[in-house]
Amino acid sequence: MASEAPRSDPAQDTPRVTPPPHHAAGLPAVGHSLRMAQQQMGVRRTALTLLRVNQKDGFDCPGCAWPEGDERHTAEFCENGAKAVAEEATLRRVTPAFFAEHSLADLAGRSGYWLGQQGRLTQPMHLPAGATHYEPVGWDDAFAIIAEELTALDSPDEAVFYTSGRTSNEAAFLYQLFVREYGTNNLPDCSNMCHESSGSALTETLGVGKGSVLLDDLHQADLIIVAGQNPGTNHPRMLSALEKAKRAGARIITVNPLPEAGMEKFKNPQSLGGLTKGTTLTDLFLQIRIGGDQALFRLLNKLLLDTEGAVDHDFVREHTHGYEDFAATARDADWDTTLAATGLDRPAIEEALRMIVASRRTVVCWAMGLTQHKHAVPTIREVVNLLLLRGAIGRPGAGVCPVRGHSNVQGDRTMGIFERPAPAFLDALEKEFGFAPPRAHGYDVVRAIRALRDGDAKVFLAMGGNFVSASPDTDVTEAAMRRARLTVHISTKLNRSHAVTGARALILPTLGRTERDLQAGGEQFVTVEDSMGMVHASRGRLAPASPGLLSEPAIVCRLARSVLGTRSAVPWETFERDYATIRDRIARVVPGFEDFNTRVAHPGGFTLPHAPRDERRFPTATGKANFTAAPVEYPKLPAGRLLLQTLRSHDQYNTTIYGLDDRYRGIKNGRRVVLVHPDDATALGFPDGSLTDLVSEWRDGTERRADGFRVVHYPTARGCAAAYYPETNVLVPLDATADTSNTPASKSVVVRLEPSRTP
Ligand SMILES: Nc1nc2c(c(=O)[nH]1)N[C@H]1C(S)=C(S)[C@@H](COP(=O)(O)OP(=O)(O)OC[C@H]3O[C@@H](n4cnc5c(=O)[nH]c(N)nc54)[C@H](O)[C@@H]3O)O[C@H]1N2
Ligand SMILES: Nc1nc2c(c(=O)[nH]1)N[C@H]1C(S)=C(S)[C@@H](COP(=O)(O)OP(=O)(O)OC[C@H]3O[C@@H](n4cnc5c(=O)[nH]c(N)nc54)[C@H](O)[C@@H]3O)O[C@H]1N2
Ligand SMILES: [Mo]
1 MASEAPRSDP AQDTPRVTPP PHHAAGLPAV GHSLRMAQQQ MGVRRTALTL
51 LRVNQKDGFD CPGCAWPEGD ERHTAEFCEN GAKAVAEEAT LRRVTPAFFA
101 EHSLADLAGR SGYWLGQQGR LTQPMHLPAG ATHYEPVGWD DAFAIIAEEL
151 TALDSPDEAV FYTSGRTSNE AAFLYQLFVR EYGTNNLPDC SNMCHESSGS
201 ALTETLGVGK GSVLLDDLHQ ADLIIVAGQN PGTNHPRMLS ALEKAKRAGA
251 RIITVNPLPE AGMEKFKNPQ SLGGLTKGTT LTDLFLQIRI GGDQALFRLL
301 NKLLLDTEGA VDHDFVREHT HGYEDFAATA RDADWDTTLA ATGLDRPAIE
351 EALRMIVASR RTVVCWAMGL TQHKHAVPTI REVVNLLLLR GAIGRPGAGV
401 CPVRGHSNVQ GDRTMGIFER PAPAFLDALE KEFGFAPPRA HGYDVVRAIR
451 ALRDGDAKVF LAMGGNFVSA SPDTDVTEAA MRRARLTVHI STKLNRSHAV
501 TGARALILPT LGRTERDLQA GGEQFVTVED SMGMVHASRG RLAPASPGLL
551 SEPAIVCRLA RSVLGTRSAV PWETFERDYA TIRDRIARVV PGFEDFNTRV
601 AHPGGFTLPH APRDERRFPT ATGKANFTAA PVEYPKLPAG RLLLQTLRSH
651 DQYNTTIYGL DDRYRGIKNG RRVVLVHPDD ATALGFPDGS LTDLVSEWRD
701 GTERRADGFR VVHYPTARGC AAAYYPETNV LVPLDATADT SNTPASKSVV
751 VRLEPSRTP
């Protein structure tokens, strides 16, 4: 299979490589973000906009889901938050004239970077069947087209409704309400590709699929383990929390195949000290092989069991279930397997053990490095086992901390964006709105792609995101999308999903976080939930990018009226006029949101209840926190192969490319690079700077290819390689997913290097 997706602009993709720095942030970061922001927004708008980010009366940063503390700095954003804001608040515009000039074929031949650089969408656009160009369409006509296609389906289950993670609570609640009243649970979301493994593992073991720590817990921790995460780039404000914890005496273990600059040393741009010295964050760096984490945590658990006084037996007795089975299995863990799986040496693991035993309050943070593997769910369960042995759940300064990606991805799930909704949630919807929601489970992302591929789904609608670029197996996904009768995208910016369409397509442009949202009932605000279950208001101040935009809640309300007509039992017009009326309903349907409107009026918002954290109550099947004992797995590589992880550069937000540099890894002006350990690269015959094609091998014998990558000799763990997503999504087989969570295993792709066929 060869990819049809365009490569990044070859003329621009000429990587230059220098040794990576050993620290993150500080003054260069501030300068870099201001330059990018000013290119998009100009000087005055940059200043006005950035001062509103994450202030209590401002808007929630559309960057990541890291929480804001109670004391806010004047500039409570980071370099990458500033880039996310600039990307949205840009002064560049995509107008109907643009679409008249650029055919669909032209757009499909452009890189994602180019598409994003064209600016904000301004008008609804329609691609009629057989047309070569998108044409302007009125909002009412656009909704009528969707209604026509949805009504023509044999079953509501032939439609798929995707959600990305920036959508507000209000819009998400309305969206799932519309979709369920229409008649399906086909609500895949970006979470399916992201923290689904965390949700699966935590729900089963602790009874709540969310993190159990608050920001203050990190500040109070004795030990923080950061596994499979690159906060210097993806959650820069987390570094401030780690710095604060360190100042209070915490120690930090970093588990990662790559030495990431942010975790080495951090120069806080928001304190004078940060402009000079910087804090060394990591005390112990475990440079693990990709996919070795379950084995590592299993051995640590065995060693804890063997260490006098290391197990919190009172906690285990009172609050857990399954200890005996787990302990019997864990005692079988052996050094040889662990050293092979992890590539670590014995003294390093023994040092980690000493640090864990010495810590009363331990937090484990993780992100995509743990969630995107075949055995991701048992890996995260093993992390939970460790914390349970130590009694480190529901104790101040201790707990699980899955660090979420999109700024409201956690809130969207809380609002019911889920293909497998809990019966209690559906009961509450039914009681509140008087219709019977469908009970059968819907498609997640991977199943939705299969359904489109096989002709079982025919209409695809996306609330945000960039489905074709974010999903695995690009060629399969694009072919699946092209089989649809209608594809619809509610978006702020142009992306590849607008260029790879069904027979007909619609682009519905919407307001972003930064913009004022004026409805018939006056100026509105929306709410979001961060990675730690804090809910707060977000209020945009900028004038909308175009008078042709509608807000996400307004789009859902009008769409619902158009599709459901008089059949609907829901007061869509009232909801559109005044979002407080939506919050009143959320308060009655979603536990933890009682008195929503009153409590969200409080500056800074409120914290959702979390039974394990608040009262050491575990709403699991057994009523206790569950130990689990899965067999240890780790990727085994055929000779001459590498295990490729697909990850983010410093200049991107998922599929949105801000620029071609990855400053913290010393890479400039190019994205088609593959980082390989010098000894591995040399043994395979690839000198530094040589050109290679990446060929992924899947167990069914199929091969997938991405050509023209520059080999960069880089100090990653042996046997491992790293290259950027989404260029490498073409290599991730659709069927390569995590057990239980079905998350694409985009951090463990078996590849071989071949001398490049492209010049
Ligand atoms: N600026 C910016 N911010 C973002 C995003 C962005 O693209 N840009 N994306 C947002 C989203 S949606 C998300 S989900 C998060 C993602 O945040 P991260 O999870 O930090 O993102 P990745 O770039 O995928 O980095 C994965 C990290 O895990 C490590 N890793 C890979 N495999 C393994 C393994 O097997 N074991 C261990 N221990 N480590 C491993 C990699 O070396 C890397 O450091 O960031 C969010 N924030
Ligand atoms: N190989 C590989 N694949 C991966 C990953 C990986 O690590 N490796 N990571 C996975 C992860 S963690 C995630 S979360 C997914 C991300 O998948 P998605 O969430 O689908 O992708 P994004 O790139 O975040 O979506 C960007 C688009 O969202 C739209 N947008 C931005 N803001 C708004 C808004 O406020 N409203 C609306 N309606 N639209 C908006 C813009 O049009 C923009 O082009 O990708 C996954 N894919
Ligand atoms: Mo994510």
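In terms of UniProt numbering, the sequence shown opens at residue 1 and continues consecutively. The beta carbon of each residue, even a glycine, is placed where N, CA and C say it ideally should be.
Whole angstroms are fine: how far does the CA of residue j sit from the CA of residue i?
i	j	result
G273	V384	Residue confidence is low: G273 scores 46 on pLDDT, short of 50, so the model does not pin down where it sits. No coordinate-derived value is stated.
T740	S197	8 Å
V526	D412	12 Å
L753	H126	42 Å
A250	H610	25 Å
A221	R360	8 Å
A545	A86	12 Å
L370	P402	10 Å
L508	V137	10 Å
V570	S538	25 Å
L647	T477	19 Å
residue 779	N495	Outside the modelled stretch of the chain, which goes from 1 to 759, sits residue 779, for which no answer is possible.
L684	G640	7 Å
L734	G701	14 Å
L51	D530	20 Å
D345	E382	20 Å
Q38	T514	16 Å
L91	A105	26 Å
Which residue wins for smallest C-alpha separation from residue i, given the options the options?
i	options	result
F178	A625, T320 and E430	E430
A328	D157, H536, A348 and L299	L299
M368	L518, R404 and L386	R404
P635	A376, N186 and Q652	A376
D336	D325, F326, E324 and I349	I349
A625	W114, T203 and L150	T203
D312	R390, V363 and M355	R390
V730	Q645, V632 and Q229	Q645
S212	P188, I252, R616 and S551	R616
E633	A341, D70 and H406	A341
Y653	S469, V589 and G708	S469
P257	K244, G232 and D293	D293
F99	L506, F627 and M481	L506
K210	I657, G232, L239 and Q410	Q410
residue 814	L734, V749 and E79	The question about residue 814 has no answer, for the chain in this structure spans 1 to 759.
E79	G69, C64 and R92	C64
Less than 6 Å between C-beta atoms, sequence neighbours within five positions excluded: which residues of the same chain meet that for residue i?
i	result
T18	G666
Y724	S649 and R671
N230	E260
Y175	M463 and V556
S551	L511 and D517
V226	T254 and C365
Q287	A717
Excluding five sequence neighbours on each side, which residues of the same chain lie with their C-beta closer than 7 Å to the C-beta of residue i?
i	result
G521	R577 and D578
residue 793	Coverage of the chain is limited to positions 1 through 759, which leaves residue 793 absent and any answer about it impossible.
A147	S562 and V563
On the three-state DSSP scale, how would you describe residue i?
i	result
A630	coil
K83	helix
P755	strand
G397	coil
S690	coil
G415	Note on identity: in this sequence residue 415 is Met, with Gly being the wrong assignment. Note: M415 maps to coil in three-state DSSP.
V17	strand
L353	helix
W698	coil
A537	strand
G116	helix
D444	coil
Y658	coil
W66	coil
With a CB to CB cut of under 8 Å and the five nearest residues on each side skipped, what residues in its chain are close to residue i?
i	result
L153	A159, K458 and V459
Those runs of the alpha helix (DSSP H) which lie wholly inside the segment 125–209 and span at least 4 residues: Complete alpha helix (DSSP H) runs here, min 4: 139–152, 169–182 and 196–206.
Please go through the segment 450–521 and give each complete beta strand (DSSP E) segment of 3 or more residues, from N-terminal end onward. Runs of the beta strand (DSSP E) inside the segment 450–521: 459–463, 486–491, 504–509 and 517–519.
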